[in-house]
Each structure stands twice: as C-alpha cells, then as structure tokens.
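Engineer: Dropping the structure in here first, questions after.
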Amino acid sequence: MGWFDKHCEKCGEKVDKNTAPQRFGKHFCSKEHAEEYVNDREAQMKQAPKQKSGGGCC
Ligand SMILES: [Zn+2]
107 MGWFDKHCEK CGEKVDKNTA PQRFGKHFCS KEHAEEYVND REAQMKQAPK
157 QKSGGGCC
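Now the structure itself:
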C-alpha cells in the first residue's frame with residue numbers, strides 16, 4: 107500500500123495497476139477515461155504549433 111498506488115490520469119481515481127487500462131504508460135480507472143485521455147492528447151498534438159524546425163537559436 108502507499109508507494110506504488112496508481113491513479114487515473116484523467117480523474118485521479120485510485121486504480122489497480124494490474125487491471126487498469128493503460129495508455130502512454132498512464133493508468134486509468136476506466137476504458138472511457140483512457141479513450142478520453144488519448145483523444146485529448148491527440149487534439150493537443152494537432153493544435154501544437156510546429157516548433158521543431160525553427161532556425162538557429164541562442
Ligand atoms: Zn478516471
């Protein structure tokens with residue numbers, strides 16, 4: 107108990123890491139929250155401006 111408790115990345119609910127759905131190495135209380143997290147993440151990636159190919163920096 108204690109140290110290695112996992113919590114839902116979406117709502118913070120305590121989850122059992124042996125049975126909890128997992129996405130991107132994160133644990134979730136339910137498949138629904140796992141899917142929502144994936145959707146949120148994909149939406150963020152689409153919105154994120156491409157900053158990788160910026161010129162030289164200092
Ligand atoms: Zn949840």
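Residue numbers for the sequence shown, in our numbering: 107 to 164.
C-beta atoms are modelled at their ideal positions from N, C-alpha and C, and glycine is treated no differently.
Only a predicted model underlies this, so the values are computations on that prediction, with no experimental measurement involved.
Residue 137 lies in the alpha helix (DSSP H); which residues open and close that run?
Structural biologist: From DSSP, the alpha helix (DSSP H) with residue 137 extends over 137 to 153.
Engineer: Return yes when the Cβ of residue 135 is within less than 8 Å of the Cβ of residue 148, no when it is not.
Structural biologist: No. Outside cutoff.
Engineer: For residue 141 and residue 153, what's the separation of their Cα atoms in angstroms?
Structural biologist: Cα to Cα, residue 141 sits roughly 18 Å from residue 153.
Engineer: Between residue 129 and residue 156, what straight-line distance do the alpha-carbon atoms span, to the nearest angstrom?
Structural biologist: For residue 129 and residue 156, the distance between alpha carbons rounds to 24 Å.
Engineer: Alpha carbon to alpha carbon, how far is residue 124 from residue 110? Give it in angstroms, no decimals.
Structural biologist: Near 12 Å, if we compare the C-alpha coordinates of residue 124 and residue 110.
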